[in-house]
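S.K.: Encoded as structure tokens, here's the structure I'll be asking about.
Number of protein chains: 4
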Amino acid sequence: MRLLFLGDVVGRAGRAAVVGQLPGLVSRWALDFVVVNGENAAGGFGITEDIAQDLLDAGADVVTTGNHVWDQREALVFIERQPRLLRPLNYPAGTPGRGANLFVARNGARVLVINAMGRVFMEPLDDPFAAIEAALSACPLGEQADAVVIDFHAETTSEKQAVGFFVDGRASLVVGTHTHVPTADHRILPDGTAFMTDVGMCGDYESVIGMDRDEPLNRFLRRIPAGRFQPANGEATLSGVAVEIDETTGLARAVHPVRIGGRLSQIEPPFWA
Amino acid sequence: MRLLFLGDVVGRAGRAAVVGQLPGLVSRWALDFVVVNGENAAGGFGITEDIAQDLLDAGADVVTTGNHVWDQREALVFIERQPRLLRPLNYPAGTPGRGANLFVARNGARVLVINAMGRVFMEPLDDPFAAIEAALSACPLGEQADAVVIDFHAETTSEKQAVGFFVDGRASLVVGTHTHVPTADHRILPDGTAFMTDVGMCGDYESVIGMDRDEPLNRFLRRIPAGRFQPANGEATLSGVAVEIDETTGLARAVHPVRIGGRLSQIEPPFWA
Amino acid sequence: MRLLFLGDVVGRAGRAAVVGQLPGLVSRWALDFVVVNGENAAGGFGITEDIAQDLLDAGADVVTTGNHVWDQREALVFIERQPRLLRPLNYPAGTPGRGANLFVARNGARVLVINAMGRVFMEPLDDPFAAIEAALSACPLGEQADAVVIDFHAETTSEKQAVGFFVDGRASLVVGTHTHVPTADHRILPDGTAFMTDVGMCGDYESVIGMDRDEPLNRFLRRIPAGRFQPANGEATLSGVAVEIDETTGLARAVHPVRIGGRLSQIEPPFWA
Amino acid sequence: MRLLFLGDVVGRAGRAAVVGQLPGLVSRWALDFVVVNGENAAGGFGITEDIAQDLLDAGADVVTTGNHVWDQREALVFIERQPRLLRPLNYPAGTPGRGANLFVARNGARVLVINAMGRVFMEPLDDPFAAIEAALSACPLGEQADAVVIDFHAETTSEKQAVGFFVDGRASLVVGTHTHVPTADHRILPDGTAFMTDVGMCGDYESVIGMDRDEPLNRFLRRIPAGRFQPANGEATLSGVAVEIDETTGLARAVHPVRIGGRLSQIEPPFWA
Ligand SMILES: [Fe+2]
Ligand SMILES: [Fe+2]
Ligand SMILES: [Fe+2]
Ligand SMILES: [Fe+2]
Ligand SMILES: [Fe+2]
Ligand SMILES: [Fe+2]
Ligand SMILES: [Fe+2]
Ligand SMILES: [Fe+2]
Numbered sequence: 000m001r002l003l004f005l006g007d008v009v010g011r012a013g014r015a016a017v018v019g020q021l022p023g024l025v026s027r028w029a030l031d032f033v034v035v036n037g038e039n040a041a042g043g044f045g046i047t048e049d050i051a052q053d054l055l056d057a058g059a060d061v062v063t064t065g066n067h068v069w070d071q072r073e074a075l076v077f078i079e080r081q082p083r084l085l086r087p088l089n090y091p092a093g094t095p096g097r098g099a100n101l102f103v104a105r106n107g108a109r110v111l112v113i114n115a116m117g118r119v120f121m122e123p124l125d126d127p128f129a130a131i132e133a134a135l136s137a138c139p140l141g142e143q144a145d146a147v148v149i150d151f152h153a154e155t156t157s158e159k160q161a162v163g164f165f166v167d168g169r170a171s172l173v174v175g176t177h178t179h180v181p182t183a184d185h186r187i188l189p190d191g192t193a194f195m196t197d198v199g200m201c202g203d204y205e206s207v208i209g210m211d212r213d214e215p216l217n218r219f220l221r222r223i224p225a226g227r228f229q230p231a232n233g234e235a236t237l238s239g240v241a242v243e244i245d246e247t248t249g250l251a252r253a254v255h256p257v258r259i260g261g262r263l264s265q266i267e268p269p270f271w272a
Numbered sequence: 000m001r002l003l004f005l006g007d008v009v010g011r012a013g014r015a016a017v018v019g020q021l022p023g024l025v026s027r028w029a030l031d032f033v034v035v036n037g038e039n040a041a042g043g044f045g046i047t048e049d050i051a052q053d054l055l056d057a058g059a060d061v062v063t064t065g066n067h068v069w070d071q072r073e074a075l076v077f078i079e080r081q082p083r084l085l086r087p088l089n090y091p092a093g094t095p096g097r098g099a100n101l102f103v104a105r106n107g108a109r110v111l112v113i114n115a116m117g118r119v120f121m122e123p124l125d126d127p128f129a130a131i132e133a134a135l136s137a138c139p140l141g142e143q144a145d146a147v148v149i150d151f152h153a154e155t156t157s158e159k160q161a162v163g164f165f166v167d168g169r170a171s172l173v174v175g176t177h178t179h180v181p182t183a184d185h186r187i188l189p190d191g192t193a194f195m196t197d198v199g200m201c202g203d204y205e206s207v208i209g210m211d212r213d214e215p216l217n218r219f220l221r222r223i224p225a226g227r228f229q230p231a232n233g234e235a236t237l238s239g240v241a242v243e244i245d246e247t248t249g250l251a252r253a254v255h256p257v258r259i260g261g262r263l264s265q266i267e268p269p270f271w272a
Numbered sequence: 000m001r002l003l004f005l006g007d008v009v010g011r012a013g014r015a016a017v018v019g020q021l022p023g024l025v026s027r028w029a030l031d032f033v034v035v036n037g038e039n040a041a042g043g044f045g046i047t048e049d050i051a052q053d054l055l056d057a058g059a060d061v062v063t064t065g066n067h068v069w070d071q072r073e074a075l076v077f078i079e080r081q082p083r084l085l086r087p088l089n090y091p092a093g094t095p096g097r098g099a100n101l102f103v104a105r106n107g108a109r110v111l112v113i114n115a116m117g118r119v120f121m122e123p124l125d126d127p128f129a130a131i132e133a134a135l136s137a138c139p140l141g142e143q144a145d146a147v148v149i150d151f152h153a154e155t156t157s158e159k160q161a162v163g164f165f166v167d168g169r170a171s172l173v174v175g176t177h178t179h180v181p182t183a184d185h186r187i188l189p190d191g192t193a194f195m196t197d198v199g200m201c202g203d204y205e206s207v208i209g210m211d212r213d214e215p216l217n218r219f220l221r222r223i224p225a226g227r228f229q230p231a232n233g234e235a236t237l238s239g240v241a242v243e244i245d246e247t248t249g250l251a252r253a254v255h256p257v258r259i260g261g262r263l264s265q266i267e268p269p270f271w272a
Numbered sequence: 000m001r002l003l004f005l006g007d008v009v010g011r012a013g014r015a016a017v018v019g020q021l022p023g024l025v026s027r028w029a030l031d032f033v034v035v036n037g038e039n040a041a042g043g044f045g046i047t048e049d050i051a052q053d054l055l056d057a058g059a060d061v062v063t064t065g066n067h068v069w070d071q072r073e074a075l076v077f078i079e080r081q082p083r084l085l086r087p088l089n090y091p092a093g094t095p096g097r098g099a100n101l102f103v104a105r106n107g108a109r110v111l112v113i114n115a116m117g118r119v120f121m122e123p124l125d126d127p128f129a130a131i132e133a134a135l136s137a138c139p140l141g142e143q144a145d146a147v148v149i150d151f152h153a154e155t156t157s158e159k160q161a162v163g164f165f166v167d168g169r170a171s172l173v174v175g176t177h178t179h180v181p182t183a184d185h186r187i188l189p190d191g192t193a194f195m196t197d198v199g200m201c202g203d204y205e206s207v208i209g210m211d212r213d214e215p216l217n218r219f220l221r222r223i224p225a226g227r228f229q230p231a232n233g234e235a236t237l238s239g240v241a242v243e244i245d246e247t248t249g250l251a252r253a254v255h256p257v258r259i260g261g262r263l264s265q266i267e268p269p270f271w272a
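Following this line, the structure appears as structure tokens:
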């Protein structure tokens, strides 16, 4: 089973890359399932219903999010009628939308997608480890789920790696998101879960985490805002990770980064060539 | 001019990788200058005089550090007699040791090495941007320095990228350290400075940032320490970045990650093959 | 009904004040119930079984704690056999000890004591608001409980005040602890709950939050530890709050700070004179 | 010499208290010098030129600020023509306005006022201890200054107390601001500096730090903003500290809290009765 995960889509440049290239990848690589993190898709901050639909139309099966999920307030409403949009699982009880859901892939496999948020240097939400445990218990890999994908949106490498080991052997893939920079440590953990500390963003890398660099630099140097953060508008790099999942065990057989277009070194999964 | 930068050496496994492999790389690649971050070399926490000497003997011209620099208290003393060990520049006035220094490379080039620390989600030190500016002004690239290397030890990708753009065209290389995970965004910035958000660690990656995973996982799950952090002892990956520097301008001609041994995907600079 | 709450007991000086003065206050004021926060009682860090017993022997009915609860590791064990020692309620499921419990006061009243910890600028624990809600629902004021006391151990004034309003009318008293400085904003909230943002510490105030000032000052000035934190050993001020609780409603009729001995201005509840 | 310091003025209610009562206090107590922290005077966020003028007209000699100083962007401009408005001293070089200045009191005394900001759980600015040291050295008590007042705007009690001991004997008064809650630990430190960890706010205390409590409670409970923070509009408590300064030494002879109006217990300096 062929799964692609794309990191945080940032602004117009990021959306253009996804909309322009994902349909071709779905068919070229015969993808069974695609997850895209869309928390920065609307001008860098949040996501609208139209933009979520654009990402789904381009080939995403599920759109995950993170700390920016509610920046566009309409998300609080339309998330209730859009089961393919997830928000972090560990928001308080009563939060609109869902943090985990079961989907059917193109090959018929049942894929559990979990979106959770870290707490180190982030907002204080409920315990993500306990929340992930509960979601996995309700729908275990090899029983109700044929594959399990976890988007763990977090700041520190340590918390992300801890989640990887916590679910090793119980998930097909754990990816970190949020830092907007791809890491080079993709690998299969000892018990079969594919892991990558951060998949990076789909955005213009000639920037400070996807934003035009003037205002971030101004704030670091002067400590006084001079304007808003604006997404950088150069060509985006589509940044993500490709996983070949064993259909009997639901564990990873191969994992490889994907970087297409823009400023970063280009790379594609050799096993789908 | 050929420069190699290796990220945070973690514990015995990291030291074994550096001591075992760096001498061979220096000769195979005809390296002119080598910088190694050694802040976690002593059992994961700090550095001793003997260990610093081991890293220098293995081929490092300079050993940089970060927030763990003083974990072994002897560092406060021996740093005064070891000019090749740097501590973050932006500690208060009066701190033992130096945060920047000029060295002579094997090819005779004068290399300014600056070690500074970020402040976002880190300890509050003096402004690293102002400190770097002062160090660059005192010894500018193309005047007193033929090459400039900056080790910016910081948590967030945004602060590291801001430093990159801040000195673009005024340094040969800016690398981030501290997260212990290599990023895949190595590139040459518009005005000629090679950049990589984090070079990763020289340590065992089957771990939580180089540490045996039991205690980190215990703390995330139970929030109560059950013991000390211990470095993981599996085979380390030597993780760093290779830069080809133009000897007339001091700017980067090529940049490429290095990952040798251990669990990560293996990669070497094609331009030195 | 007469209730006294004393803030964080710090080290030997703090213990001496409690052991020396609390028995006299219990009899002089005819106290029905006494709660003492003991998280810093053992050398400034945590609490031992012997020290907990000393505080109970001196007249405390319950000893609450906070982020330092496990600093003395024996607390993980003896808390299981000491129901009068509470640890923050919002630790993960499975944590030793209890965060809330029902006690019988000298006047026969059933007193629910809840100890919870804030999350702003603190460790990430479970949601304290949800945890307090659950504890109150299980044992509501006016039903299973004749009085309810909440020790909310937190850094920021905003989170503490939010807890006050959250339970207003459902608790007899909400006090903040942790900053080691008494606030002067004791009052009865609109629906009858007595509130004080922080009750301060029982410790020597010629200090930095109860600790000898040399090492804290050293760390602020030099950013490098030069030794351990040691409790200051001058005469402690007993610092707390006195509440007169209506026995029919369980709400507060009067609230007043208590400060006896040491460096701070001296004050006692006029309504018990 | 008689000095009054009033804490953070919050919104319309806080301004009404200052404008309504300060003129009377100046004459009734024959005040020589008045400092008011105005960082929240404009709708809770920042200060405008008109509002600064209102506070000065009401009797303030100097208006200090804190982290909210630039929330009203006009402050970046008018601070340059208003030497009686201070911003934190430890902003980067080149920041508009001043962080310390010498003023002449009604009794002819030269008063150095320093406004600095802490770094623990605050924005990373330059070292406040070094900045205060430099300002004191440039204008020492007993030489160029007859009195020295320091408004240290900070979150933690420890950093504020450390500043107190750091300048003990070199300043007339150190007050903390920012938490919006008055502490009850006013005292004269061993070498003669009056100190109070926080003077509290001039605002409506039936609130969460001066703000209408609905939105703060909503955010703590749901973690999703539902609207803006609005200042609470009930009667404000004028909250501050009164200091009697020895005119020969410039050190404190007496210190006492001031709380007039609103919800808190009422208190006035007995030594000026
Ligand atoms: Fe993002
Ligand atoms: Fe994010
Ligand atoms: Fe490190
Ligand atoms: Fe580090
Ligand atoms: Fe405490
Ligand atoms: Fe505490
Ligand atoms: Fe304020
Ligand atoms: Fe403030």
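Top line first, the protein sequences correspond to chains V, E, X and L. Just so you know, we're using numbering that gives the first Met the number 0 here: the first sequence kicks off at 0 and counts up by one. Just so you know, we're using numbering that gives the first Met the number 0 here: the second sequence kicks off at 0 and counts up by one. Just so you know, we're using numbering that gives the first Met the number 0 here: the third sequence kicks off at 0 and counts up by one. Just so you know, we're using numbering that gives the first Met the number 0 here: the fourth sequence kicks off at 0 and counts up by one. For glycine and all other residues, C-beta sits at the position ideal for the given N, C-alpha and C. This one's a predicted model, so the numbers in the text were calculated from it and none came from an experiment.
Taking the straight line between their C-alpha atoms, what separation do you get for residue 209/X and residue 175/L?
M.R.: Each residue's alpha carbon lies about 18 Å from the other.
S.K.: Take residue 246/L and list the residues in its own chain whose beta-carbon comes closer than 8 Å to its own, dropping the five residues that flank it on each side.
M.R.: Hits under 8 Å: 0, 106, 108, 145.
S.K.: Please list the terminal residues of the continuous alpha helix (DSSP H) segment that includes residue 217/V.
M.R.: Unbroken alpha helix (DSSP H) run through residue 217/V: 213-221.
S.K.: Around ligand 8, what residues have a beta-carbon under 5 Å from a heavy atom of it, in chain order?
M.R.: Spelled out in chain order, the answer is 65/L, 66/L, 177/L.
S.K.: Across which residues does DSSP place residue 138/X in a beta bridge pair?
M.R.: BP columns for residue 138/X are empty, so no partner.
S.K.: Any chance the segment 246-261 of chain E sits against the segment 28-42 of chain X, with 3 or more Cβ pairs inside 8 Å?
M.R.: With the cut-off at 8 Å, the segment 246-261 of chain E and the segment 28-42 of chain X do not touch.
S.K.: Looking only at its chain, what residues have a beta carbon closer than 7 Å to the beta carbon of residue 18/E, apart from the 5 residues adjacent to it on each side?
M.R.: Only 53, 57 meet the Cβ criterion.
S.K.: Does the separation of the CB atoms of residue 235/X and residue 13/X fall below 8 Å?
M.R.: Yes; because the gap between Cβ atoms is below 8 Å, this pair is in contact.
S.K.: Hey, would you say the C-beta of residue 154/L is under 7 Å away from at least one heavy atom of ligand 7?
M.R.: Not under cutoff, so the answer is no.
S.K.: Would you check if the distance between the CB atom of residue 84/L and the CB atom of residue 96/L is smaller than 8 Å?
M.R.: Yes, the Cβ-Cβ distance between residue 84/L and residue 96/L is below 8 Å.
S.K.: For the candidate residues 140/X, 60/X, 64/X, 224/X, whose alpha-carbon lies nearest to that of residue 115/X?
M.R.: It is 64/X.
S.K.: When every heavy atom of ligand 1 is checked, does at least one fall within less than 7 Å of the C-beta of residue 38/V?
M.R.: Residue 38/V Cβ: within cutoff of ligand 1.
S.K.: For residue 7/L, verify whether its CB is less than 7 Å away from any heavy atom of ligand 7.
M.R.: Correct: residue 7/L has its Cβ closer than 7 Å to ligand 7.
S.K.: Could you check if residue 179/L belongs to the surroundings of ligand 7, using beta carbon to heavy atom distance under 7 Å?
M.R.: Correct: residue 179/L has its Cβ closer than 7 Å to ligand 7.
S.K.: Among 231/V, 119/V, 31/V, whose alpha-carbon lies nearest the alpha-carbon of residue 201/V?
M.R.: Comparing Cα-Cα distances from residue 201/V to each of 231/V, 119/V, 31/V, the minimum goes to 231/V.
S.K.: How many angstroms separate the CA atom of residue 187/L from the CA atom of residue 10/X?
M.R.: Answer to the nearest angstrom: the Cα atoms are 24 Å apart.
S.K.: Note down, in chain order, each residue of its chain lying with its Cβ closer than 8 Å to the Cβ of residue 192/V, except the 5 sequence neighbours on either side.
M.R.: Excluding sequence neighbours, residue 192/V sits near 163, 166, 167, 168, 169, 170, 171, 172, 173, 250, 251.
S.K.: Who are the near neighbours of residue 77/X in its chain, counting only those whose CB is closer than 7 Å to its CB and skipping five residues on each side?
M.R.: Here the set comprises 48.
S.K.: If you follow the alpha helix (DSSP H) that residue 258/X is part of, which residue opens it and which one closes it?
M.R.: Here residue 258/X belongs to no alpha helix (DSSP H); instead the beta strand (DSSP E) covers 251-259.
S.K.: Can you check whether the C-beta of residue 118/V is within less than 8 Å of a C-beta belonging to chain X?
M.R.: Yes - at least one Cβ of chain X is within 8 Å of the one on residue 118/V.
S.K.: Counting Cβ pairs closer than 8 Å, one from the segment 17-31 of chain L and one from the segment 216-226 of chain L, do we hit at least three?
M.R.: Because the criterion of three Cβ pairs below 8 Å is not met, the segment 17-31 of chain L and the segment 216-226 of chain L do not touch.
S.K.: Below 7 Å between beta carbons is the criterion; list the residues of the segment 129-154 of chain X that meet it against any residue of chain V, in chain order.
M.R.: The segment 129-154 of chain X vs chain V, Cβ under 7 Å: 129.
S.K.: Between the Cα of residue 94/L and those of 125/L, 117/L, 120/L, spot the shortest distance and give me the residue it belongs to.
M.R.: The option with the nearest alpha carbon to residue 94/L is 125/L.
S.K.: Under DSSP, the beta strand (DSSP E) around residue 194/X begins and ends at which residues?
M.R.: Here the beta strand (DSSP E) through residue 194/X covers 193-195.
S.K.: Can you name the start and end residues of the beta strand (DSSP E) that residue 150/V belongs to?
M.R.: 146-152 is the extent of the beta strand (DSSP E) around residue 150/V.
S.K.: Just to confirm my understanding: we take residue 215/E, look at its own chain, exclude 5 residues before and 5 after, and list those with CB closer than 6 Å. What are they?
M.R.: Correct list, in chain order: 207.
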